[in-house]
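Take a look at the structure below.
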Amino acid sequence: MRPESAVRFDKEFAPRIAEAIGACFAKTVHTEVLPYGGHGQPTRVRIHATPLDELGYYAHPLNLYLTWDSDEIERLMGEQGTARFAGYLAALPRKLKAWTQVRELDFLTHTQGEPVALLGGLDFES
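The sequence shown begins at 677 in this note's numbering and counts up one residue at a time.
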């Protein structure tokens with residue numbers, strides 16, 4: 677990925693993803709952007725929370741990282757990138773629900789099956 681694309685993604689796109697994810701949950705779920713740190717250290721959006729009660733569905737507190745495929749990020753910089761990204765943001769609530777079904781994630785109790793989870797190589801399909 678070109679360095680200028682990484683910088684633009686960190687400034688323009690990743691914060692909006694974090695904000696859209698945060699809007700899907702109560703204020704007890706937190707998101708943060710961890711910027712691109714060079715080769716092997718992609719931009720990440722972290723989703724984390726303290727479990728809501730001691731009887732959470734899974735054993736570990738919510739601690740999830742999202743990363744995107746670098747070719748997908750480059751595609752966002754193109755002509756159709758803005759429209760594609762808008763569709764992606766609109767689809768995030770559905771995507772979050774789908775991720776809970778394929779991974780051990782429970783956003784309702786803020787728990788997960790593993791101490792740390794990574795959903796990597798994501799795309800921007802809606």
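Every residue, glycine too, gets a C-beta built ideally from N, C-alpha and C.
query                                                                                                                                     : result
List, from N- to C-terminal side, the beta strand (DSSP E) runs of 3 residues or more that fit wholly inside the region 723-791.          : 739-744
Let me check one thing: in DSSP terms, what residues is threonine 707 bridge-paired to?                                                   : Ile723
I'd like the span of the alpha helix (DSSP H) that includes glycine 797, first residue to last.                                           : Glycine 797 -> not in any alpha helix (DSSP H); beta strand (DSSP E) instead, spanning 793-798.
Would you tell me roughly how many angstroms separate the C-alpha atoms of leucine 752 and phenylalanine 761, rounded to the nearest one? : 7 Å
Do threonine 787 and histidine 724 have their beta-carbon atoms positioned less than 8 Å apart in this structure?                         : no
Closest by CA to proline 791, which one among Tyr741, Asp745, Lys771?                                                                     : Tyr741
What does the Cβ neighbour count give for arginine 678, buried or exposed, with the cut at 16 atoms within 10 Å?                          : exposed
Looking at valine 721: is its Cβ nearer than 8 Å to the Cβ of alanine 699?                                                                : no
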